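Chains as they are written, first to last, in our numbering: chain A, 611 to 996; chain B, 9 to 439. In this text, a Cβ means the ideal position worked out from N, Cα and C, and glycines have one as well. Please read these numbers as outputs of a predicted model, since none were measured by experiment. Structure, as structure tokens:
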Amino acid sequence: MSTAEIIARCQALYDDLDFTSARQWKEADPKRKVIGYMPVYVPREIIHAAGMLPLGILGGGDQMEVIHGDAYYQSYICRIPRSTIELGLTRKLDFVDGMLFPSICDVIRNLSGMWQLMFPGTYVRYFDVPQNYDDTIGGEYYIEELKELKSGLEKLGGVSITDEALRDSIAIYNENRRLINEVYDFRAKQPSKAPSVEVYLLMRAGMVLPVEEHNTILADYLEAAVDEERPVRDNCRIVINGAFCEQPPLNLIRSIEMAGCYIVDDDYMLINRWLLDEVPVEGDPITNLSDAFLHFSADTAAKYCDRAEDVGKYLLSTVKKTGAEGVIFTAPSFCDPALLERPMLQDRMDEHNVPHISFKYAENSGQMQPIREQAGTFADSIKLWS
Amino acid sequence: MAIPTENEVIKDSSMLLQKSMIAENYDALTSAHENGKKISATFVPGNLNELVMCFDMHNNLPEINAINNGMRKKSGTMVMQAEKMGHSEDVCTYVKADIGSMARGNIAPNGKPMPPPDLLLLSYTGCFTFMKWFELLRHEYGCETAMLHVPYEGDGVITQNMRDYVVKQLKENVIPTMEKVSGVKFDIDRLRENLVNSARAEDDFVWVLQSARNKPSPIDAYFGGVYYIGPIFTAFRGTEKAVEYYKLLRAEIEQRIAEGKGPITPEGDMKDERYRLVVEGPPNWTNFREFWKMFYEDGAVVVASTYTKVGGVYDLGFRHDPNNPIETLADYCLGCYTNRNLSQRVDMLEKYVNEYQADGLLINSIKSCNSFSAGQLLMMQEVEKRTGKPGAFIETDLVDPRYFSAANVKNRLESYFQMIEQRRQGERSAA
């Protein structure tokens, strides 16, 4: 299969706001359940082990007109909760049996309460993660939270989630993480061969497909992309930071690349790469998931950084690892975590002479010219003076 | 009573006492290092004043400093200063007022520079911004930080797991860090004594809040609530002074009830109570007096508010418990208003509208504060549906004067009061 064919399929999944593939998956067996989740991280392994489909809900993008959703939010609140409410009220999520709202910010936190009030028949859980990373404090708390989630899903599905099933799911998601990291490494090495829009669509496919199917697509893409001849542009190499929740429109990603910046790393859909290492399949699976979260997870603004010297360390290491020449801080408008953290990250980049620019977007941003000009000027400045 | 000039404010004796206590507190803070004392900076929701006092530390509350600067018309330049330094126009203006103040020398209301904190006691309770705010402060000050993560009541309950988690953090992280920074060994009996004082003050505080059930209400539970009834609950909770203050305040309110008086306003006693409102959301501080005047000049009194519960929800029964000193601190933090889920908040508002015989719910939605604001439009719909009373929605900001549009707010309030009148007329005609 060619990359064009693979990406065409991913694009169709991305465009489909009725989530047809997830609906079809559910319809294939009356016992099946679908669990929606919002950014930035939930342990999908537990949902998978219950025989359920984890479904990433990342707002409505730039193709959905938000009519009802706007009636629930003031102008100064970001767009993802409005379009998510719109998806709910227009019955595009009527097949979803449960919704998980992870701890990311106050808006998504409060959306969990709105969902409880607006869709009373649905299983709703605010999924709190520890901001204390000691095994005996945050770890013990998190293990209990994971057990509560497990028990809630068992009750919803009328199933028992065995340790064996959890281990199998962990193994499958380990494979998913391995393949995803391979795609990211491949792009970092040869960005001309893996355009960022393609990588993005590949990752988005993982939000709606069963993980096994996503693994196949990733492997197919890697195989096809290696041999594909594509023009090599005289672009600079940049890392995107701050886009871990509300997603930018595809045109924005495309515009950055067309303006002269190869994206060699990003934090779009961070859930795919949240756990940085393989989760052990031996031993207690819940403890293993907890340990992975506490000690081997990605850094993002939604987390507390417990040591001042570690602020920006993850981003800096990404810049070094990928050979990036600069950072584009691109956050959704009104995104508290990303915008509050940005000055600290910028200072850290300055300390290490990493050039950076910043701008904001919304998932339905339509005017790309200013972004193209800004990114283009940034690319020129790197090429000329860095 | 003398007629006040435009800038003069009529004050009851409790207000004068509070003023002197706050002045003393700022003097203690600004001279702390000279006197060999340490300073702990922390937040109002989930503040652990009783614990801080066990280490002879002074409690500095950046939110209160921002409010102070807002009321003294200084916060606007501070917010813009922070924006010039790279902080986004989209984020909380308390944070930016704090950072901007720091850049301008961090001058306390007594005109003296505020010494840097020795400890950042990050009680992450009910507000995501707190977490990043203290990371930003740590970035500036480079001092010791103790993090207390308080899980959110997503399902509207405090589970044993949540309580255990907070207790463990207090015992294993927060208290040892405070011992290290202060050099004072933790004494649990000292904490118990402070908690006894808290509970005593809390009883009188609740009595004062619930006095608004009277008609006319002797207090304004929003403007008065934050101006002289509630603030004392932050830096003074757990002290003998707070106990005395609330005794004095209670006696003052008893007297008002006996005399059939309405609440005190900056222009004296409010005469004619025409509208009784429940208010959700923080107030605007930059135009506080102008904002309040829009209410009292039309005879509107706020009989219950939720903002006065961010420092603890005592009127629903919580009291600090000296018999379970650490556990009670955990329960206090877990139960603060903004740590409650939307259903709990709606239940509380419904209860207030009914129990305080309010004419409706007014939401002051704050641009800076997503913890409060996200979901408020749905909350208003729910409360209207459950109580049959009309709701209204206005938008302002905490300490950014650019987001206070007096004409817009006044228009909306006047329309709302007219709507209440029309409802009353309709009800009278139907009767």
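Chain A contact for residue i (CB, 8 Å cutoff)
{"i": "H66 (chain B)", "result": "no"}
{"i": "L127 (chain B)", "result": "no"}
{"i": "Y364 (chain B)", "result": "no"}
{"i": "N169 (chain B)", "result": "yes"}
{"i": "M155 (chain B)", "result": "yes"}
{"i": "F136 (chain B)", "result": "yes"}
{"i": "S206 (chain B)", "result": "no"}
{"i": "Y132 (chain B)", "result": "yes"}
{"i": "Y160 (chain B)", "result": "yes"}
{"i": "K81 (chain B)", "result": "no"}
Beta-carbon proximity list for residue i, same chain, < 6 Å, skipping 5 on both sides
{"i": "W884 (chain A)", "result": "Y651, S907 and A908"}
{"i": "Y254 (chain B)", "result": "A209, D212 and F213"}
{"i": "Y872 (chain A)", "result": "P801, N845 and R847"}
{"i": "Y34 (chain B)", "result": "A116, P117 and N118"}
Range covered by the alpha helix (DSSP H) that runs through residue i
{"i": "V354 (chain B)", "result": "L350 to E363"}
{"i": "P595 (chain A)", "result": "No information on residue 595 (chain A) is available, as it lies outside the stretch 611 to 996 that chain A covers here."}
{"i": "R208 (chain B)", "result": "I196 to Q218"}
{"i": "L776 (chain A)", "result": "D773 to K799"}
{"i": "I240 (chain B)", "result": "I240 to A243"}
{"i": "G108 (chain B)", "result": "T101 to A111"}
{"i": "H41 (chain B)", "result": "From DSSP, H41 (chain B) is part of no alpha helix (DSSP H); its letter is neither H nor E."}
{"i": "H147 (chain B)", "result": "F136 to Y149"}
{"i": "Y924 (chain A)", "result": "K923 to T932"}
Buried or exposed (CB count within 10 angstroms, at least 16 for buried), residue i
{"i": "L756 (chain A)", "result": "buried"}
{"i": "G54 (chain B)", "result": "buried"}
{"i": "I196 (chain B)", "result": "exposed"}
{"i": "D228 (chain B)", "result": "buried"}
{"i": "A10 (chain B)", "result": "With a pLDDT of only 39 at A10 (chain B), under 50, the local geometry of the prediction cannot be trusted, and no value is derived from it."}
{"i": "R146 (chain B)", "result": "buried"}
{"i": "Q433 (chain B)", "result": "exposed"}
{"i": "H962 (chain A)", "result": "exposed"}
Residue i - DSSP class collapsed to helix/strand/coil
{"i": "G816 (chain A)", "result": "helix"}
{"i": "S131 (chain B)", "result": "strand"}
{"i": "D875 (chain A)", "result": "strand"}
{"i": "G646 (chain A)", "result": "strand"}
{"i": "M388 (chain B)", "result": "helix"}
{"i": "F326 (chain B)", "result": "coil"}
{"i": "G368 (chain B)", "result": "strand"}
{"i": "V158 (chain B)", "result": "coil"}
{"i": "V87 (chain B)", "result": "helix"}
{"i": "T346 (chain B)", "result": "helix"}
Own chain, CB closer than 7 Å to residue i, minus 5 neighbours either side, in chain order
{"i": "M170 (chain B)", "result": "P159 and L342"}
{"i": "C855 (chain A)", "result": "P649, V650, I690, I714, P942 and C945"}
{"i": "Q263 (chain B)", "result": "none"}
{"i": "I602 (chain A)", "result": "The first residue shown for chain A is 611 and the last is 996, placing residue 602 (chain A) beyond what the model contains."}
{"i": "L862 (chain A)", "result": "Y971, S975, M978 and I981"}
{"i": "M110 (chain B)", "result": "E148"}
8 Å Cβ cutoff, residue i in contact with chain B
{"i": "C715 (chain A)", "result": "yes"}
{"i": "D916 (chain A)", "result": "yes"}
{"i": "V964 (chain A)", "result": "no"}
{"i": "E856 (chain A)", "result": "no"}
{"i": "I687 (chain A)", "result": "yes"}
{"i": "L926 (chain A)", "result": "no"}
{"i": "M978 (chain A)", "result": "no"}
{"i": "N845 (chain A)", "result": "no"}
Sequence-distant residues of its chain with Cβ nearer than 8 Å to residue i (five each side left out)
{"i": "N791 (chain A)", "result": "R883"}
{"i": "P121 (chain B)", "result": "T38, G113, N114 and I115"}
{"i": "E281 (chain B)", "result": "K223, P224, S225, G270, G307 and V309"}
{"i": "P12 (chain B)", "result": "Reliability fails at P12 (chain B), whose pLDDT of 46 lies under 50, so the model's placement of it is uncertain and no value is given."}
{"i": "S131 (chain B)", "result": "T50, F51, P53, G54, N55, L56, F138, L156, V158 and C341"}
{"i": "M88 (chain B)", "result": "G108"}
{"i": "K81 (chain B)", "result": "T294 and P409"}
Enclosing beta strand (DSSP E) for residue i [first to last residue]
{"i": "R284 (chain B)", "result": "Y283 to E288"}
{"i": "V734 (chain A)", "result": "Y733 to F737"}
{"i": "I667 (chain A)", "result": "Neither: I667 (chain A) is in no beta strand (DSSP E) and is coded neither H nor E."}
{"i": "E403 (chain B)", "result": "G399 to T404"}
{"i": "R847 (chain A)", "result": "C846 to N851"}
{"i": "F939 (chain A)", "result": "G936 to P942"}
Residue i at chain D interface by Cβ criterion, 8 Å
{"i": "M356 (chain B)", "result": "Protein chains in the displayed structure are A and B, and chain D is not among them."}
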